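**Q** One structure coming up, written as structure tokens, with questions to follow.
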Amino acid sequence: MSSPGVNGDPKPPCLPRNGLVKLPGQPNGLGTASITKGTPAAKNRPCQPLPPPTLPPSSLATPMPRAALAGGLCPPAGLPLGGPASAPVPGPPVERPPLATDEKILNGLFWYFSACEKCVLAQVCKAWRRVLYQPKFWVGLTPVLHAKELYNVLPGGEKEFVNLQGFAARGFEGFCLVGVSDLDICEFIDNYALSKKGVKAMSLKRSTITDAGLEVMLEQMQGVVRLELSGCNDFTEAGLWSSLSARITSLSVSDCINVADDAIAAISQLLPNLAELSLQAYHVTDTALAYFTARQGHSTHTLRLLSCWEITNHGVVNVVHSLPNLTALSLSGCSKVTDDGVELVAENLRKLRSLDLSWCPRITDMALEYVACDLHRLEELVLDRCVRITDTGLSYLSTMSSLRSLYLRWCCQQLKACGLTQGVGLQQGSGNS
């Protein structure tokens, strides 16, 4: 029988105390036994209540992450909720951008496209434009802007200069302006942020620039070191005298009718650091080639005389004595130069790596013998339209181990290049056509 409880109520036989269950005595004399909760015996007692959870001290408890409070994360089973021994709760997963806008992937992908394709791809979205407008994708490229493309016509009929901010973002160091006037050049200087110091090369083609415009351009654009003037017939030799600066290292002048011997005098006197000169002038004579100074003899390594019809072997003499360090020489279209002039070149310009004798109708096999005997560093030889060259002359070239490129376009139809079969180091740049 169970003992009575308070107010005479019988005491329940399986009242829990301190998490333990006291079993009534057994008649077999084994006495009482204490069984901890969680054992199979305890599970079989439906009247046993669950004990309250044990909480850590307030000093050891750590706040739960916000994600865990919201039900997003739970600590692993068997680990306490707080305290220094608790495992770190992992943060939310890092979201990666889509592959189409991942800048790391795009930076590698866009190298495989041409300049024209990059211009189209930059219009797809802002993310692509941001990647493509990095200067590294546009190194070595020169934008060509025509005069009609420099202005936008407003509704009232007025013209507004175009926004060149996109060119500045890509960091272009050179521009080619076609058909521009003095006013157009001034507008370009005022509207392009990098015009004062950032532009290194300027090319003007078929433009009406005058002496005053040329002077303003080179005075304002202090960074220009490479200048090209092609088909500009409104400037004169006086404009070269007033505008050329010693900082210019590369100059190209072609199809400018006012360029003659005095222009060469201005170039030789005002450009002591000139490294490369390309000249196509129909009125330049042998006298002009004697104007080069000793300082230019050390700095100038490339000279191109294109279609200078008045230059003879005497002009070649002046060149080889004034510019002994040339590594590239072009006499293309200098129709009065003969084998004797080529002999002077071969004997005095031993550092030549490139020689262009195209469109020189007086060149024969003898000139090729001089080239083969003395120009041991020559890598490129252009003989286009040299109609008096035969297989005998080519056989001389077969002994040149340094020669890598040979151009024979528009030569005599009887030329079969049979003399080149023995050339070991030669790789034909172009065959007969």
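Each number in the working numbering corresponds to the 1-based position in the sequence shown with 96 added.
Glycine included, every Cβ here is placed at the ideal spot set by N, Cα and C.
Everything numeric in this text was worked out from a predicted model, so none of it was measured.
(1) What's the C-alpha gap between residue 142 and residue 186?
(2) What does residue 270 pair with, by DSSP beta-bridge criteria?
(3) Among the residues of its own chain, which have a CB less than 6 angstroms from the CB of residue 406, if the five just before and after it don't count?
(4) Do residue 535 and residue 400 have their CB atoms nearer than 7 angstroms?
(5) Exposed or buried, which one is residue 318 when buried takes at least 16 other CB atoms within 10 Å?
(6) If we ignore side chains and look at the alpha-carbon of each, how far apart do residue 249 and residue 275 end up?
(7) Roughly how far, in whole angstroms, is the beta-carbon of residue 476 from the beta-carbon of residue 500, given that I think they are within contact range, below 8 angstroms?
(8) Give the secondary structure of residue 263 by DSSP, where H, G and I count as helix, E and B as strand, and everything else as coil.
(9) Please confirm if the region 239–256 is in contact with the region 202–218, defined as three or more CB-CB distances below 8 angstroms between the two stretches.
(10) What separation, rounded to the nearest whole angstrom, lies between the Cα atoms of residue 396 and residue 388?
(11) With burial defined as no fewer than 16 other Cβ atoms inside 10 Å of the residue's Cβ, what is the status of residue 315: buried or exposed?
(12) Counting along the chain, where does the alpha helix (DSSP H) carrying residue 417 start and finish?
(13) Taking just the CA atoms, how far does residue 422 sit from residue 194?
(14) Sorted by chain position, which residues of the same chain lie with C-beta nearer than 6 angstroms to residue 484's C-beta, five sequence neighbours on each side aside?
(15) Looking only at its chain, what residues have a beta carbon closer than 8 angstroms to the beta carbon of residue 342, apart from the 5 residues adjacent to it on each side?
(16) Closer than 6 angstroms by C-beta to residue 237: which residues in its own chain qualify, once you throw out the five before and the five after it? Chain order, please.
(17) Give the range of the alpha helix (DSSP H) segment to which residue 338 is assigned.
(18) Name the DSSP bridge partner or partners of residue 376?
(19) Given residue 291, which residues of its chain have a CB within under 8 angstroms of its CB, disregarding the five upstream and five downstream residues?
(20) Buried or exposed for residue 432, going by 16 or more other Cβ atoms inside 10 Å?
(21) Excluding the 5 residues flanking residue 449 on each side, which residues of the same chain have their C-beta closer than 8 angstroms to its C-beta?
(22) Would you check if the distance between the CB atom of residue 463 and the CB atom of residue 496 is smaller than 7 angstroms?
(23) Name the residue from 246, 294 and 409 whose alpha carbon lies nearest to the alpha carbon of residue 268.
(24) For residue 303, tell me which candidate among 371, 264 and 349 has the shortest Cα-Cα distance.
(25) Quick one, are the C-beta atoms of residue 332 and residue 354 less than 7 angstroms apart?
(26) Between residue 289 and residue 265, is the Cβ-Cβ spacing less than 7 angstroms?
(27) Is residue 314 helix, strand or coil when you go by DSSP?
(28) Going by Cα to Cα distance, which pick from 297, 278 and 279 is closest to residue 271?
(29) Tell me the start and end of each unbroken beta strand (DSSP E) in the region 395–478 that is at least 3 residues and wholly inside, in chain order.
(30) Under 7 angstroms, Cβ to Cβ, is there at least one residue of chain B near residue 221?
(31) Give me whichever residues DSSP pairs with residue 324 in a beta bridge.
(32) Could you check what DSSP says for residue 502 in three-state terms: helix, strand or coil?
(33) Give a yes or no on whether the C-beta atoms belonging to residue 385 and residue 429 are separated by under 7 angstroms.
(34) For a quick check, are the C-beta atoms of residue 202 and residue 227 less than 7 angstroms apart?
(35) Is it true that the CB of residue 440 sits closer than 7 angstroms to the CB of residue 479?
(36) In the DSSP output, what is residue 247 paired with across the bridge?
**A** In this structure, then:
(1) At residue 142 the pLDDT is 48, less than 50, meaning the model places this residue with poor confidence and gives no usable figure here.
(2) According to DSSP, residue 270 bridges with 297.
(3) Cβ-Cβ distances below 6 angstroms link residue 406 to 381 in the same chain, with the five nearest sequence neighbours on each side left out; the list follows chain order.
(4) Residue 535 is absent from the model: the chain starts at 97 and stops at 529.
(5) Residue 318 comes out exposed.
(6) Their backbone Cα atoms lie some 18 angstroms apart in a straight line.
(7) That belief holds up - the Cβ atoms of residue 476 and residue 500 are roughly 7 angstroms apart, short of 8 angstroms.
(8) Reduced to three states, the DSSP call for residue 263 is helix.
(9) The region 239–256 makes no contact with the region 202–218, as fewer than three CB pairs between them are under 8 angstroms.
(10) Distance between the alpha carbons of residue 396 and residue 388 is about 10 angstroms.
(11) It is exposed - the Cβ of residue 315 has fewer than 16 other Cβ atoms within 10 Å.
(12) Boundaries of the alpha helix (DSSP H) harbouring residue 417: 409–418, taken from the DSSP string.
(13) Near 55 angstroms, if we compare the C-alpha coordinates of residue 422 and residue 194.
(14) Within its own chain, the residues whose Cβ lies closer than 6 angstroms to the Cβ of residue 484, once the five positions on either side in sequence are excluded, are 460, listed in chain order.
(15) Within the same chain, and ignoring the five residues on either side of residue 342 in sequence, the residues whose Cβ sits closer than 8 angstroms to its Cβ are 366, 367, 368 and 369.
(16) Around residue 237: 211.
(17) Element bounds for residue 338: 333–339.
(18) Paired residues: 350.
(19) Contacts found: 284, 285, 316 and 317.
(20) Buried: at least 16 other Cβ atoms inside 10 Å.
(21) Non-local beta-carbon contacts of residue 449 in its own chain, meaning distances under 8 angstroms to residues more than five positions away in sequence, involve 423, 424, 473, 474, 475 and 476 in chain order.
(22) Cβ atoms of residue 463 and residue 496: not closer than 7 angstroms.
(23) Comparing Cα positions, the closest option is 294.
(24) It is 349.
(25) In this structure, residue 332 lies near residue 354, with their beta-carbon atoms less than 7 angstroms apart.
(26) Not closer than 7 angstroms, so no.
(27) Here residue 314 sits in helix by DSSP.
(28) Measuring from the Cα of residue 271, the nearest candidate turns out to be 297.
(29) Counting only runs of 3 or more, we get 398–401, 424–426, 450–452 and 476–478.
(30) The displayed structure is made up of one protein chain only, and chain B is not part of it.
(31) Bridge partners of residue 324 according to DSSP: 299 and 348.
(32) Correct three-state label for residue 502: strand.
(33) No; because the gap between Cβ atoms is not below 7 angstroms, this pair is not in contact.
(34) Taking 7 angstroms as the cut-off, the Cβ atoms of residue 202 and residue 227 count as close.
(35) No; because the gap between Cβ atoms is not below 7 angstroms, this pair is not in contact.
(36) Partner(s): 257.
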